[in-house]
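Number of protein chains: 2
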Amino acid sequence: MTNQRIPKRAEATLETMRKVFTLPEGDGSTLARLEREISENLLGFLRNHFASGDIAPANLEVDFKTSTIPEDPVFVSEQVDYLLSKVVSQSVHTASPSFIGHMTSAMPYFMVPLAKIMIPLNQNVVKIETSKAFTPLERQVIGMLHRLIYGGSDAFYDQWTQSSQHSLGVFCSGGTIANITGLWVARNRLLGPRGDFPGVADEGLGPALRHYGYDGLAVLVSKRGHYSLSKAANLLGLGRKELIAVPLSSSHKIDTKALRRELDQLKKRRIAPIAIVGIAGTTETGNVNPLDELANIAQDYQTAFHVDAAWGGPTLFSERYKGLLKGIERADSVVIDAHKQLYVPIGAGMVLFKNVEALSAVEHHANYIIRPGSRDIGKHTLEGSRPGMAMLVHSALRIIGRRGYEILIDLGIGKAGQFAKMIKASPCFEVITEPELNLLTYRYVPESVKAALMTATPETQIAINDVLSALTESIQKTQRQRGKTFVSRTRLEAQAYASQTVSVFRVVLANPLTTRQILSDILEEQRQDGEKLYVEEGMKATIEEILKTAARK
Amino acid sequence: MTNQRIPKRAEATLETMRKVFTLPEGDGSTLARLEREISENLLGFLRNHFASGDIAPANLEVDFKTSTIPEDPVFVSEQVDYLLSKVVSQSVHTASPSFIGHMTSAMPYFMVPLAKIMIPLNQNVVKIETSKAFTPLERQVIGMLHRLIYGGSDAFYDQWTQSSQHSLGVFCSGGTIANITGLWVARNRLLGPRGDFPGVADEGLGPALRHYGYDGLAVLVSKRGHYSLSKAANLLGLGRKELIAVPLSSSHKIDTKALRRELDQLKKRRIAPIAIVGIAGTTETGNVNPLDELANIAQDYQTAFHVDAAWGGPTLFSERYKGLLKGIERADSVVIDAHKQLYVPIGAGMVLFKNVEALSAVEHHANYIIRPGSRDIGKHTLEGSRPGMAMLVHSALRIIGRRGYEILIDLGIGKAGQFAKMIKASPCFEVITEPELNLLTYRYVPESVKAALMTATPETQIAINDVLSALTESIQKTQRQRGKTFVSRTRLEAQAYASQTVSVFRVVLANPLTTRQILSDILEEQRQDGEKLYVEEGMKATIEEILKTAARK
Chain C
0 MTNQRIPKRA EATLETMRKV FTLPEGDGST LARLEREISE NLLGFLRNHF ASGDIAPANL
60 EVDFKTSTIP EDPVFVSEQV DYLLSKVVSQ SVHTASPSFI GHMTSAMPYF MVPLAKIMIP
120 LNQNVVKIET SKAFTPLERQ VIGMLHRLIY GGSDAFYDQW TQSSQHSLGV FCSGGTIANI
180 TGLWVARNRL LGPRGDFPGV ADEGLGPALR HYGYDGLAVL VSKRGHYSLS KAANLLGLGR
240 KELIAVPLSS SHKIDTKALR RELDQLKKRR IAPIAIVGIA GTTETGNVNP LDELANIAQD
300 YQTAFHVDAA WGGPTLFSER YKGLLKGIER ADSVVIDAHK QLYVPIGAGM VLFKNVEALS
360 AVEHHANYII RPGSRDIGKH TLEGSRPGMA MLVHSALRII GRRGYEILID LGIGKAGQFA
420 KMIKASPCFE VITEPELNLL TYRYVPESVK AALMTATPET QIAINDVLSA LTESIQKTQR
480 QRGKTFVSRT RLEAQAYASQ TVSVFRVVLA NPLTTRQILS DILEEQRQDG EKLYVEEGMK
540 ATIEEILKTA ARK
Chain V
0 MTNQRIPKRA EATLETMRKV FTLPEGDGST LARLEREISE NLLGFLRNHF ASGDIAPANL
60 EVDFKTSTIP EDPVFVSEQV DYLLSKVVSQ SVHTASPSFI GHMTSAMPYF MVPLAKIMIP
120 LNQNVVKIET SKAFTPLERQ VIGMLHRLIY GGSDAFYDQW TQSSQHSLGV FCSGGTIANI
180 TGLWVARNRL LGPRGDFPGV ADEGLGPALR HYGYDGLAVL VSKRGHYSLS KAANLLGLGR
240 KELIAVPLSS SHKIDTKALR RELDQLKKRR IAPIAIVGIA GTTETGNVNP LDELANIAQD
300 YQTAFHVDAA WGGPTLFSER YKGLLKGIER ADSVVIDAHK QLYVPIGAGM VLFKNVEALS
360 AVEHHANYII RPGSRDIGKH TLEGSRPGMA MLVHSALRII GRRGYEILID LGIGKAGQFA
420 KMIKASPCFE VITEPELNLL TYRYVPESVK AALMTATPET QIAINDVLSA LTESIQKTQR
480 QRGKTFVSRT RLEAQAYASQ TVSVFRVVLA NPLTTRQILS DILEEQRQDG EKLYVEEGMK
540 ATIEEILKTA ARK
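Chains as they are written, first to last, in numbering that gives the first Met the number 0: chain C, 0 to 552; chain V, 0 to 552.
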């Protein structure tokens, strides 16, 4: 602290501030004890500190009502006790092998100490002046993922990976920003400078559409496209209605004939497609679009091809399954999330570009950093200040290695197949979407209803399915609130029922610690809840009524 | 791991994966040793592991050329050794009290162990199913900052802080996303649903402009606006040329008369302003716009008022200086960066909205999360998956407290004043912009040139200033490469020289550990470098030549 004169009453606070910035917590402190616990037994720490039992969200909120910042500093120990009892204990055990509902799963042990090194380094990768080695490190990681996807030559990567005026891709906080960046680049390249026209980046969308003679812009993707694409369409000024949701094929992929029809329609409306988006692992069902065919269509219609492989990208590590993504190497841009199947903590997404010049379409400069000619990565990113997450991705790629990821991918997909078999073997469940990668969806159908449903008229099926949807939702909520295990739920058009939209359980099997026994326990828990709720919530009576009415007709 | 059958040759890799996800590094490992070092002596760790001496960025890159992901897993210890020798040692000591060039500074000690708890919890705040208590916690932090800025009543915060259908603001990865979000909301509110027209979010910018009868959209900000605003203008489809850069007043703020003129001009061009942006702490000079006056103008012209207080927001903690930000409480939206003057690690920005309904203009939903009616915060954020940084901000706000932040703010501003005095007391420096908050800019001017510059004709001044700019740049680079101390540089229109653009040193005095002695040492280092480079790089000869020519005229 400087030796400025300060009022006497502030002296105590000043002393606290001095301590806070210079003195570590003592060895006997709660924080030190927690740190040791995490280092020695991460899984145990997570298990031990989660409160069991359910608190409804509304009741949880009671503890977080105060909106005043305390006038005087609170002791670190007091805050830590507060966090443990009110926050940590009431957080979600996302790493639990029984938590198979979302895309957050186990974390490799080494991540935690590495993050502990990364955090105090507090590098800001927007510019080399606050990141130095983290800048070429991030470029290297981008190069590694680019090579995984595009498989360029050694000479290509020698030339471009560290080229200060180019970027093979950019890091960002996650898949949403990555998708937006990909489409931003596509929009700006489609409506770029031409002749005297400086391009959409400078002139804006109105003048750019007029100059190019379009009435609007569109993005095409299957109905299973991630909601970030709709955000992108809104943000980039296309409008959400110009995110064209193409119907699915019978295999839950994209109906490519319908895609061509939509493209023809757009032409008639003088709407220019900025990109066709292929999905390599849909968020809801894990299906992979026929990327090679989409690349052909993009070529035929002279539009960009963007692939959202936020989830499925690491499938490329698997010799056995990488063929599913054939054609990805023809994409103009590809999104991949490191905090999903690269097993890095949340906050790390990437978008890679085939063309080394692509990102110049969104390049920007300032006077004090990212000056023209500088090596600063920030000139090509949508975000500004960014942390050194590349260090964690780099470590994961090396410590897990290609073969390690291959095993993790193969295990997950294998496990999804096993789980589908278990579901089919049970008399009271029904698979709604088969696993292609490591995701599948299913629902609970009381044994007594199954046969009736099969033979019912379409009209009766609709009525029964609506009740079953309510039942699935009820089971999912019950299970979530109990907090022992977790699956998520979504609503899908079920192909077995003339595309009626039904509610389903959705599972994601990426946690290597999830065993067959755990999967079996989850099903048993759902079966028991289902049996109970079906009667208790009056659904049994409703379905019997529906069947009776149907029989009378 | 499941008991699937796997090929024999993969067994070793499988065993490695099992270890990686279940076994901590031993107590004697390098990682464990580093962790202890960080816990016991953070500042020492940072000092010890940075290599001194300069490596040119191009030479640094040599270590990061490989773009292949290793086939087999690398040992954790091998990766840690690699990181220490190649990455950590060559990163930037942003927390050093001698690093006064950018907005990254010291980190409170407690941040590191708290981050170590946050990382393995790996909550994803996009939805309550993966964040539970972190959702109301984040809402609480947003409420705290909202109260700091807008000072609403207790009843207001009781009603809205935890209201699941509203958001008083959103967290994001940093100020850039926060500014973009603020302007996205402003654009969508200006061109919102009206009668049969569903609004710009659905219909896109072209139809929205036609419906509302505008030829384009604009954002107005002083010439010192952050470059993220230009990114926003590009992204949102306005076009960078419609980010209207309003001239500065004599006090490096915004010329409000010129602002009104620009607004009148826009009207004539049928361009609708989506927002006037006020800056509370410009990135380059730390000046605060007259926010109250800007609020009046926004009211007069019926446009939104957005304040970029990414840097200066925490000035509100100071009884002595908060008056500088008077009028901020009238803004429709305010950006504040927690990773700047709230002393949180990089990756935490926020934007707060006065109107509790504002964020509905960018609301979005999906089938599997952020469903209508859910409590999921993700329905209002530009990003998707996000980490639980709110836990760190919450802890900082409580452990530092209002008075703690006040001291930090007062110390920084006081220190900037002292530094300005030191510069003025030196015969060979010149202050270019006086500190208003804790930033100032200055340059080196050889003593022998000072007097001549004062009395020179405007033409001669221009010639001399260009040489001095090259000298300042050269000194800054030399100092940066030496790596002992760091100031940044930028180019500004110097008001003392008829607004000629000159290069300047830029310092940010937010690190409480920066002492008067350090500041004096930095000046002395620059003086010595300046004296030397002035002669060695032939600038002395050039200036003598300029003066000789001038004398001849």
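Ideal Cβ positions, reconstructed from N, Cα and C, are used throughout, including at glycine.
>> Please report whether the beta-carbon of V/M0 lies at a distance below 7 Å from any beta-carbon of chain C.
In response: Bear in mind that the predicted position of V/M0 carries a pLDDT of just 47, short of 50, making it unreliable; the figure below should be weighed with that in mind. Closer than 7 Å to some Cβ of chain C, the Cβ of V/M0 qualifies, so yes.
>> Check this for me: beta carbons of V/Y342 and V/A395, under 7 Å apart or not?
In response: yes
> Between the segment 124-137 of chain V and the segment 503-523 of chain V, do at least 3 Cβ pairs fall closer than 8 Å?
Replying inline: They do not touch, by the three-pair rule.
>> Looking at the secondary structure, which residues open and close the beta strand (DSSP E) in which V/P272 lies?
In response: 270-278
>> Classify C/Q158: buried if its beta carbon has 16 or more other beta carbons within 10 angstroms, exposed otherwise.
In response: exposed
> Can you name the residues of chain V whose CB is closer than 9 Å to the CB of C/N40?
Replying inline: Going along chain V in sequence order, the residues near C/N40 (Cβ under 9 Å) are P23.
> Applying the criterion that 16 or more other CB atoms from any shown protein chain within 10 Å of the CB defines a buried residue, is C/H371 buried or exposed?
Replying inline: Note on residue identity: the sequence assigns Pro, not His, to residue 371 of chain C. Counting Cβ neighbours within 10 Å, C/P371 comes out exposed, since fewer than 16 surround it.
> How would you write the range of the beta strand (DSSP E) that V/H48 sits in, first residue to last?
Replying inline: No beta strand (DSSP E) holds V/H48; the alpha helix (DSSP H) holding it covers 41-48.
>> Measuring straight from C-alpha to C-alpha, what distance separates V/L189 and V/I273?
In response: 7 Å
> Nearest-angstrom Cα distance between C/I335 and C/H363?
Replying inline: 24 Å
> Using DSSP with H/G/I as helix, E/B as strand and the rest coil, what is V/F63?
Replying inline: helix
>> Using a Cβ-Cβ cutoff of 8 Å, what residues of the segment 476-493 of chain V are near chain C? List them in chain order.
In response: For the segment 476-493 of chain V, residues whose beta-carbon sits nearer than 8 Å to a beta-carbon of chain C comprise R479, F485, S487, R488, T489, R490, L491.
> Quick one: what's V/Y441 bridged to in DSSP?
Replying inline: V/V430, V/F504
> Using the beta-carbon of each residue, which ones in chain V are nearer than 8 Å to C/E435?
Replying inline: The contacting residues do not exist; C/E435 stays about 17 Å from chain V at best.
>> With a threshold of 7 Å between beta carbons, is C/N286 in contact with chain V?
In response: no
> Exposed or buried, V/N2, counting other C-beta atoms within 10 Å across all chains shown (16 or more means buried)?
Replying inline: Caution is warranted here: a pLDDT of 46 is assigned to V/N2, below 50, making its placement in the model unreliable, and no coordinate value can be reported.
>> Please identify the residue among V/D291, V/Q301, V/G238 whose C-alpha is closest to the C-alpha of V/K266.
In response: V/Q301
> What residues from the segment 161-179 of chain C come within 7 Å of chain V, judged by C-beta to C-beta, listed N to C?
Replying inline: Per Cβ criterion, the list reads Q161, S172, G173, G174, T175, I176.
>> Using beta carbons (cut-off 7 Å, strictly below), is V/Y367 in contact with chain C?
In response: yes
>> Is there a Cβ of chain V sitting closer than 7 Å to that of C/D375, yes or no?
In response: no
> Taking all protein chains shown into account, do 16 or more other C-beta atoms lie within 10 angstroms of the C-beta of V/R46, making it buried, or fewer, making it exposed?
Replying inline: exposed
> Got a sec: which bits of the segment 48-68 of chain V sit with their beta carbon under 8 Å from any beta carbon on chain C, in order along the chain?
Replying inline: P56, L59, E60, D62, F63, K64, T65, S66, T67, I68
> Is V/M0 helix, strand or coil when you go by DSSP?
Replying inline: Low per-residue confidence applies at V/M0: pLDDT is 47, beneath 50, and the placement is therefore not dependable, though the value from the model is reported in the following sentence. It is coil, neither helix nor strand.
>> Tell me the residue span of the alpha helix (DSSP H) that contains V/H305.
In response: That residue, V/H305, is in no alpha helix (DSSP H); its beta strand (DSSP E) goes 303-307.
> chain B beta carbons: is any one of them nearer than 7 Å to that of C/E70?
Replying inline: This model lacks chain B altogether, as its protein chains are C and V.
>> Using the three-state DSSP reduction, which class does C/Q164 fall into: helix, strand or coil?
In response: coil
>> Determine, for C/S227, whether the minimum Cβ-Cβ distance to residues of chain V falls below 7 Å.
In response: yes
> Exposed or buried, C/L632, counting other C-beta atoms within 10 Å across all chains shown (16 or more means buried)?
Replying inline: Nothing about residue 632 of chain C can be reported from this structure: the residues present for chain C run from 0 to 552 only.
> Taking Cβ positions only, does C/P107 come closer than 7 Å to chain V?
Replying inline: yes
>> On the criterion of 16 or more Cβ atoms from any shown chain inside 10 Å, does V/R239 qualify as buried, or is it exposed?
In response: buried
>> Which residues of the segment 231-253 of chain V have a Cβ closer than 7 Å to any Cβ of chain C? Give them in chain order.
In response: N233, L234, L235, G236, L237, G238, R239, K240, E241
>> Quick check: is the beta carbon of C/D201 nearer than 7 Å to any beta carbon in chain V?
In response: yes
> At a Cβ cut of 9 Å, what residues of the segment 452-467 of chain C count as close to chain V, listed as they run along the chain?
Replying inline: none
>> Please return the same chain residues whose Cβ sits closer than 8 Å to the Cβ of V/V245, not counting the five positions on each side in sequence.
In response: L219, V220, S221, K222, I253, D254, A257, L258, E261
>> Restricting to runs no shorter than 4 residues, where is the alpha helix (DSSP H) found entirely within the segment 163-206 of chain C?
In response: Within the segment 163-206 of chain C, the complete alpha helix (DSSP H) runs of at least 4 residues are 174-189, 199-202.
>> Measuring straight from C-alpha to C-alpha, what distance separates V/K561 and V/V430?
In response: The requested residue 561 of chain V is not part of the displayed model; chain V covers only 0 to 552.
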